[in-house]
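Enquirer: Residue numbers (my numbering), protein chains in the order written: chain H, 10 to 141; chain Z, 1153 to 1431.
A virtual CB, placed ideally from N, CA and C, is assigned to each residue, including glycine.
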């Protein structure tokens, strides 16, 4: 994601823009392949061998194997694609949310039930820098 | 002649579909949301549209990064529920209306909206969840459906204004169709939510309520909301709300609100529903 876009100062947000899409193409297409049961079966049998088919970077490959959910986004993953991997693991969107933020699942779920993450203090990167 | 009489805006959260499919709509978590859908289901039953144009986005199901159409219209006889990784939802096959869909494609393209035409397009939760919300769990869906798929995943999606103008062209096309059909249009997605990043879970109820209000009070403001404002204020996935502008564009300027429902949360999302009718 470029740093000079008008959305670049939104904190904790990875806009799937052209640069991001180029970087993540093979990673995302791997995730897409999990839509097919036959592929899910192969991936289940040998994750590493299955990943050999997709020409992604070593960092992307490690992020997949380690289920580094925030790393996947930083390396060009798009949430709708990386969520295919979460579905494969039986993890729901709130659990992914918790893992991307680095908080316990229950804390994230409680935040949602209490109305979600508030907009106040979460519009600009500088607001996050101030709160440290 | 065909008549476009009403529009519905609704979220299409996959968890809502899963709650229906797994019989969880009466749990403490889901009941308040589904109770609010009851009047919409009654409205749908009473009005009984022949055809519903459903504006939605595909979530890496029919399309992928291989091919990213900005606007695609489904012209097939039927559309199969897509396997999104859990196996397809066990909902009825979606019956299309090829004659009207082809008429729309032709009219829209000649009107300078360069539609992608899809004969094969499995439909994911973006389309089937709104049907579950509006129709419950019938053995067959009570209306024909024309899927109109919008790219909102790869930035940039079309602008709110472009979507609104497309809605106007859809209205013109529907009402030039020489058959006595009652047509509704659904704009789906939203409302505020962010699924990704450290800011995941963002909800901005004030933004959403103002959006619902201005669908009848100040459409001009909504038409001009830039992408960066959606991203910042409504969350990275809240930017799906541009699809509601296609629905709004297809209605009269003085369309009136007949029902709304707003509930937080549905999974990670602020769920909204609104029904607008032409006078």
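Quick one: Cα of residue 1206/Z to Cα of residue 1340/Z, how far?
Expert: Spanning the two alpha carbons is a distance of roughly 7 Å.
Enquirer: Exposed or buried, what is residue 1373/Z when buried is set at 16 or more other beta-carbons lying within 10 Å of its beta-carbon?
Expert: Burial call: exposed.
Enquirer: Please list the residues of the segment 1332-1360 of chain Z that have a C-beta atom closer than 9 Å to any C-beta atom in chain H, keeping them in chain order.
Expert: Going along the segment 1332-1360 of chain Z in chain order, one finds 1344, 1345, 1346, 1347, 1348, 1349, 1350, 1351, 1352, 1353, 1354, 1355, 1356, 1357, 1358, 1359 with a Cβ nearer than 9 Å to chain H.
Enquirer: What does DSSP give as the partner residues of residue 1299/Z in its beta bridges?
Expert: For residue 1299/Z, which the question treats as bridged, DSSP gives the partners 1206/Z.
Enquirer: Is residue 1378/Z buried or exposed, if buried means 16 or more other CB atoms sit within 10 Å of its CB?
Expert: Counting Cβ neighbours within 10 Å, residue 1378/Z comes out exposed, since fewer than 16 surround it.
Enquirer: Do you know whose CA, among 1411/Z, 1256/Z, 1312/Z, lies nearest residue 1432/Z's CA?
Expert: Absent from the model: residue 1432/Z. The displayed extent of chain Z is 1153 to 1431, so no value can be given.
Enquirer: Closer than 9 Å, CB to CB, is residue 1163/Z near chain H or not?
Expert: Chain H, which has no Cβ nearer than 9 Å to the Cβ of residue 1163/Z, makes this no.
Enquirer: Output needed in chain order: residues of the segment 19-34 of chain H with a Cβ under 9 Å from some Cβ in chain Z.
Expert: Cβ contacts with chain Z come from 19, 20, 21, 22, 23, 24, 25, 26, 27, 29, 30, 33, 34.
Enquirer: Report the rounded CA-to-CA distance for residue 1394/Z versus residue 12/H, giving the unit in angstroms.
Expert: In a straight line, the C-alpha of residue 1394/Z is about 25 Å away from that of residue 12/H.
Enquirer: Near residue 1153/Z, what residues of its chain come up, given a Cβ to Cβ distance below 8 Å and the 5 sequence neighbours on each side ignored?
Expert: Cβ within range, chain order: 1327, 1328, 1329, 1330, 1331, 1332.
Enquirer: Below 8 Å, can you find three or more Cβ-Cβ pairs linking the segment 1205-1225 of chain Z to the segment 25-38 of chain H?
Expert: Verdict: yes, contact present.
Enquirer: Return the residues of the segment 106-138 of chain H that lie within a Cβ-Cβ distance of less than 7 Å from chain Z, sorted by chain order.
Expert: Answer in chain order: 106, 109, 110, 117, 120, 121, 122, 124, 125, 126, 128, 131, 132.
Enquirer: Looking at C-beta atoms only, is the number of pairs between the segment 1183-1198 of chain Z and the segment 1420-1427 of chain Z that lie closer than 8 Å three or more?
Expert: Flag = yes, the segment 1183-1198 of chain Z and the segment 1420-1427 of chain Z touch.
Enquirer: What does a CB cutoff of less than 7 Å around residue 108/H pick up in its chain, not counting 5 residues either side in sequence?
Expert: Only 78 meet the Cβ criterion.
Enquirer: The segment 1198-1215 of chain Z: which residues have C-beta closer than 8 Å to a C-beta of chain H, in chain order?
Expert: Residues 1211, 1212, 1213.
Enquirer: What residue from 1421/Z, 1409/Z, 1384/Z, 1352/Z has the CA that sits closest to residue 1366/Z's CA?
Expert: Ranking 1421/Z, 1409/Z, 1384/Z, 1352/Z by Cα distance to residue 1366/Z puts 1409/Z first.
Enquirer: Let me know the secondary structure DSSP gives residue 1384/Z once reduced to three states.
Expert: Residue state, collapsed to three classes: helix.
Enquirer: What did DSSP end up calling residue 73/H once you bin it into helix, strand or coil?
Expert: In this structure, residue 73/H counts as helix in the three-state DSSP scheme.
Enquirer: Along chain H, which residues have their Cβ under 7 Å away from the Cβ of residue 1432/Z?
Expert: For residue 1432/Z there is no data in the structure shown, the boundaries of chain Z being 1153 and 1431.
Enquirer: Examine chain Z for any beta-carbon lying closer than 9 Å to the beta-carbon of residue 52/H, and answer yes or no.
Expert: Cβ-Cβ to chain Z under 9 Å: no for residue 52/H.
Enquirer: State the beta-bridge partners of residue 1439/Z as determined by DSSP.
Expert: Any property of residue 1439/Z remains undetermined from this structure, which presents chain Z solely from 1153 to 1431.
Enquirer: Using a Cβ cut-off of 9 Å, which residues of the segment 46-71 of chain H contact any Cβ in chain Z, in chain order?
Expert: Those would be 46, 49, in chain order.
Enquirer: Is the beta carbon of residue 1403/Z sitting closer than 9 Å to the one on residue 1325/Z?
Expert: Cβ distance not < 9 Å, so residue 1403/Z and residue 1325/Z don't count as in contact.
Enquirer: Residue 1349/Z to residue 25/H, Cα distance in whole Å?
Expert: The alpha-carbon atoms of residue 1349/Z and residue 25/H are separated by roughly 11 Å.
Enquirer: I'd like to confirm the pairing. Which residues does DSSP put opposite residue 1275/Z in its beta bridges?
Expert: Note: residue 1275/Z sits in a beta bridge opposite 1233/Z.
Enquirer: Can you name, in chain order, every residue of its own chain whose Cβ lies under 7 Å from the Cβ of residue 1418/Z, other than the five neighbours on each side?
Expert: Excluding residues within five positions, the ones whose Cβ falls inside 7 Å are 1163, 1165, 1167, 1168, 1185.
Enquirer: Kindly confirm or deny that the segment 92-102 of chain H and the segment 55-64 of chain H touch, where touching means at least three C-beta pairs closer than 8 Å.
Expert: No, the segment 92-102 of chain H does not touch the segment 55-64 of chain H.
Enquirer: Using a Cβ cut-off of 9 Å, which residues of the segment 1367-1378 of chain Z contact any Cβ in chain H, in chain order?
Expert: Answer set for the segment 1367-1378 of chain Z: 1378.
Enquirer: Considering only residues of the segment 21-46 of chain H, which uninterrupted beta strand (DSSP E) runs meet the minimum length of 3 residues and lie entirely inside it, listed in chain order?
Expert: Qualifying beta strand (DSSP E) stretches: none in this window.
Enquirer: What three-state label does DSSP hand residue 1289/Z in the structure shown?
Expert: Here residue 1289/Z sits in coil by DSSP.
Enquirer: Determine the extent of the alpha helix (DSSP H) in which residue 1172/Z is found, giving its start and end residues.
Expert: Residues 1166-1173.
Enquirer: Checking 9 Å against the spacing of the C-beta atoms, do residue 1266/Z and residue 1223/Z come in under that value?
Expert: Contact: yes.
Enquirer: Quick one: which chain Z residues come within Cβ less than 7 Å of residue 15/H?
Expert: Per Cβ cutoff of 7 Å: 1380.
Enquirer: What number of angstroms, rounded off, separates the C-alpha of residue 1262/Z from the C-alpha of residue 1273/Z?
Expert: Taking the straight line joining both Cα atoms gives about 23 Å.
Enquirer: Using a C-beta cutoff of 9 Å, does residue 39/H count as contacting chain Z?
Expert: Judged by the 9 Å Cβ criterion, residue 39/H is not in contact with chain Z.
Enquirer: I want to verify the contact list: residues of chain Z whose CB lies under 7 Å from the CB of residue 103/H, in sequence order.
Expert: Per Cβ cutoff of 7 Å: 1419, 1420.
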